[in-house]
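One structure below.
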Amino acid sequence: MKKIVLLTLTVVLISLKPGLTQRAYKLTVNQPPPLSFTIAEEVDGTVGEMVNLDSWFHVEGSGIYTRIWKFNDGSMVQPIDNPEYTIQGSGKFYLTVTNEYGCTALDSIVLNIVTGIDDINYERDKSHSIRIYPNPNTGEFDVVISDCQPGYYLELLNSAGVQILSGILQCNNNDYMGTIKVPSVDPGIYFLLVKLTGKLIFRQKVIILK
254 MKKIVLLTLT
264 VVLISLKPGL
274 TQRAYKLTVN
284 QPPPLSFTIA
294 EEVDGTVGEM
304 VNLDSWFHVE
314 GSGIYTRIWK
324 FNDGSMVQPI
334 DNPEYTIQGS
344 GKFYLTVTNE
354 YGCTALDSIV
364 LNIVTGIDDI
374 NYERDKSHSI
384 RIYPNPNTGE
394 FDVVISDCQP
404 GYYLELLNSA
414 GVQILSGILQ
424 CNNNDYMGTI
434 KVPSVDPGIY
444 FLLVKLTGKL
454 IFRQKVIILK
C-alpha cells in the first residue's frame, strides 16, 4: 500500500520599509486528504482468461481519481485501455493512480500463468463460507457464498488447467446463490476456483457425470 501526503505550507510576508508599520501576512495551504490504495501483490491466471483489472485495487476514501494500467511481458511495456483484459502470458501489471489534487501513487502486480491445476498456490481462507451442490452432478450445480464481497470472480478449470468458464459474481446483500450450467464437456474431474481481487480463496473439486 502506497501513501502520498501533501504537507501544509505556511508563508509569512513582512513589510520592512523604513518609517512604515510592519505588517505580517500568513498564507496557509491546507493539507488535502492523502492518496492511499490497496492492491494485490500477485495473481494467478490462465491463458485466454478475461479479468477485470479494476477489481484488483481499492482507493481509500470517496475522492475522485483516475488510473492508468500498463503491462510488461518481459520484452516491452504496453498501455492497457480497457480494464477487461484477456491474459496472453505471464508478466507484470503497473498501476498509476492520480487523485483530484494531483497526488500520484504507483504499484505493480505480478501475473503468474497456471498451466495445470497443481500449479495453483492455494491456502483456503476459512473466513469465507462457500458451498457447491450437488457434487457429483451432470453439469449443473448451485454455488452458495456467505459474506460475498464485490470483486468475487469464479472460474471452472479442467484437470489440465484449461479454463471452461468464468465470470464475476454479483453479490446480493452480502450473499450469493447461483446456478452454474457447464457447457458440453466430457465427464471427469473439474476444479471450481473463487478469487477475490486476484487472490485465490476457494478451490473445490467438481465431478461431472454423463
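Numbering (the numbering used here), first residue to last: 254 to 463.
Beta carbons are placed, not taken as given, at the ideal position from N, Cα and C, and that holds for glycine.
Predicted, not measured: the structure shown is a model, and the values here were computed from it.
Around the Cβ of residue i, are there at least 16 other Cβ atoms within 10 angstroms (buried) or fewer (exposed)?
i, result
"ASN352", "buried"
"LEU462", "exposed"
"LEU446", "buried"
"ASP326", "exposed"
"ALA413", "exposed"
"THR450", "buried"
"VAL438", "exposed"
"GLY396", "It should be noted that the sequence gives Val, not Gly, for residue 396. Answer is buried; the Cβ neighbour count reaches 16."
"GLY207", "One cannot answer for residue 207 here, as it falls past the ends of the chain, which runs 254 to 463."
"ILE454", "buried"
"ILE383", "buried"
"ILE317", "exposed"
"GLU393", "exposed"
"LYS448", "buried"
Nearest to residue i by alpha carbon, out of the options?
i, options, result
"ILE321", "THR299, MET303, VAL350 and ALA293", "VAL350"
"ILE417", "GLY344, TYR347 and VAL435", "VAL435"
"CYS424", "GLN402, ILE362, VAL363 and ASP439", "GLN402"
"GLY404", "SER289, ASN305 and THR299", "ASN305"
"SER328", "TYR318, GLY342 and ILE317", "GLY342"
"VAL459", "ASN335, LEU409 and THR339", "LEU409"
"PRO287", "CYS356, LEU348 and GLU393", "CYS356"
"ASN388", "ILE340, VAL300, LYS452 and PRO440", "PRO440"
"ILE340", "ILE366, TYR347 and LEU348", "ILE366"
"ASN390", "ILE421, TYR354, ILE433 and VAL415", "ILE433"
Run through the DSSP bridge pairs and tell me what residue i is partnered with.
i, result
"MET430", "VAL397"
"GLN416", "LEU410"
"SER382", "SER399"
"VAL363", "GLU295 and LYS345"
"TYR405", "LEU449"
"VAL300", "Note: VAL300 sits in no beta bridge, so no partner."
"VAL459", "TYR443"
"VAL438", "According to DSSP, which records beta bridges pairwise, VAL438 is partnered with nothing at all."
"ILE421", "TYR406"
"ASN388", "BP columns for ASN388 are empty, so no partner."
Report, in whole angstroms, the separation of the C-beta atoms of residue i and residue j, which I expect to be a contact under 8 Å.
i, j, result
"ILE398", "TYR429", "4 Å"
"LEU364", "GLY344", "5 Å"
"GLU302", "SER419", "6 Å"
"PHE310", "ILE333", "In fact, because the Cβ distance is near 13 Å, the residues do not count as touching under 8 Å."
"ILE362", "GLU295", "6 Å"
"PRO386", "SER308", "According to the sequence as given, residue 386 is Tyr; it is not Pro. No, TYR386 and SER308 are not in contact; Cβ-Cβ is about 27 Å, not under 8 Å."
"ASP465", "ASN427", "Nothing about residue 465 can be reported from this structure: the residues present for the chain run from 254 to 463 only."
"PHE346", "PHE324", "5 Å"
Check your understanding: What runs of the beta strand (DSSP E), each 3 residues or longer, lie entirely inside the stretch 311-347?
Key -> 318-325, 330-333 and 337-339
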